[in-house]
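Quick note on our numbering: the sequence shown kicks off at 232 and runs consecutively. For each residue, glycine too, the CB sits at the ideal point set by N, CA and C.
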Amino acid sequence: MNQELIAALRELEREKGLPFDTILAGLEEALASAYKTYKRGHDPELEEETTGVRVKLDPESGEMLAWMQVLDEETGEVLSEAEEEVPPDFLGRIAAQTAKQVIFQKLRDAEREMTYEEFSGREGDIVTGIIQQDSHRYTLLDLGKVEALLPQAEQVPSEPYRHGERLKAYIVEVRRTTKGPQIVVSRTHPGLLRKLFEFEVPEIAQGIVEIKGVAREPGHRSKIAVVSHEPGVDPVGACVGPKGSRVRMVVNELRGEKLDVVQWVEDPERFVANALAPAKVKEVHVDPATATAKVIVPDYQLSLAIGKEGQNARLAAKLTGFRIDIKNESQAMEEVRAAREPAAPPEADPGADVAQVAPAEPEKSASA
């Protein structure tokens with residue numbers, strides 16, 4: 232060991248940010264293990280359990296000093312130690328090889344730790360990566376310093392993931408593993424939609440427009456509720472952008488997923504009506520106690536309000552937090568008419584002196 236090694240360690244400290252003392256301590260530990268193996272190779276009778284080695288490197292000259300130790304067989308406690316001269320053949324090839332291995336390992340460990348620290352706490356952020364591998368179980372994204380894992384459960388079934396393509400994804404978890412940090416990302420998380428709008432709409436980044444809620448069925452359709460905190464700023468218009476440019480960028484990033492941007496209002500009845508867009512709503516009656524909303528729409532708007540396989544109504548319910556029951560005007564008028572008509576009296580029994588009329592049972596109603 233020599234001053235060239237010490238100079239190299241100092242250079243690593245400056246360039247890579249590796250603490251000099253940490254590298255030196257690791258090197259001393261590795262050299263002690265290597266020296267013990269070396270001594271046993273030259274003295275087969277050396278007892279493994281009762282023999283220890285301590286190594287010290289001079290931080291200025293790089294000189295290596297070694298002490299052979301006698302250990303307590305049961306406790307491993309050092310009973311005595313004696314310094315000895317390190318043979319030249321160990322100081323040459325073996326020590327240099329050990330130092331090289333330790334430095335490389337410390338560099339890998341440090342880079343992994345730095346990468347973990349870089350991504351730790353970034354859950355909820357968006358990253359852009361290049362698709363490297365796609366299988367039936369997962370997809371890997373190359374983020375530059377590290378790869379991100381896109382599990383099958385976080386993938387949109389309708390999206391193709393082609394090798395070499397750039398893809399944005401939402402960080403859901405950053406794990407520390409023995410092989411380095413593992414970053415788990417998602418393409419289905421509602422947070423992806425929220426973050427994409429934050430990037431595309433300056434008013435959201437500035438706090439002028441706020442996203443109040445997101446409801447998403449990945450790959451098919453999503454709804455986002457927004458509100459303005461400045462008079463004169465239309466929150467829906469700000470998100471849609473000139474000629475639909477801003478919302479188009481989000482749709483393109485989501486591979487054609489349909490988007491409804493609606494205005495959030497404090498009045499729950501108006502908010503439910505807005506959430507059912509693009510359908511036109513005539514009446515909304517909200518019961519806060521049961522968190523239900525009864526909605527009446529024009530006859531020709533019923534299928535639009537419900538949506539394909541109930542999708543529009545389902546997303547509106549997610550966005551508002553209300554269970555939504557939708558009827559068209561004809562159905563509503565028929566229910567009102569039926570409620571107003573008196574019940575027909577039962578036929579009298581000719582054999583009875585007095586006709587007894589049983590009370591009518593209450594009408595039953597069903598909602599989807």
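query	result
Nearest residue (CA-CA) to Ser417, options Glu235, Glu308 and Thr359	Thr359
Under the three-state DSSP convention, the category Lys331 falls into	helix
Boundaries (first-last residue) of the beta strand (DSSP E) holding Tyr369	Tyr369 to Asp373
When Gln328, Gly307, Val286 and Phe335 are compared against Ala313, the one with the closest alpha-carbon	Val286
As assigned by DSSP and simplified to three states, the class of Tyr347	helix
Lys287 (DSSP reduced to helix, strand or coil)	strand
Segments of 4+ residues assigned as alpha helix (DSSP H) that fall wholly inside the stretch 499 to 549	499 to 506 and 533 to 537
Same chain only: Cβ atoms within 7 Å of Pro250, ignoring 5 sequence neighbours per side	Glu244
Range of the contiguous beta strand (DSSP E) that encloses Gln494	Lys489 to Gln494
Endpoints, beta strand (DSSP E) assigned at Ile442	Val440 to Glu448
According to DSSP, residues forming a beta bridge with Ile455	Val445 and Val492
Distance CB(Leu550)-CB(Ala446) smaller than 7 Å	yes
Residue environment, Gly395, which counts as buried when at least 16 other CB atoms sit within 10 Å	exposed
Limits of the unbroken beta strand (DSSP E) element including Leu398	Arg397 to Thr408
Whole-angstrom C-beta distance between Lys454 and Leu533, which should lie under 8 Å	Going by Cβ atoms, the distance from Leu533 to Lys454 rounds to 19 Å, so no, they are not a contact pair.
Entirely enclosed alpha helix (DSSP H) segments - the stretch 244 to 297, minimum 4 residues	251 to 273
Element boundaries [alpha helix (DSSP H), containing Arg479]	Ser476 to Glu484
Local conformation of Pro421 per DSSP, three classes	helix
CA nearest to the CA of Arg486, picked from Ala436, Ile442 and Thr419	Thr419
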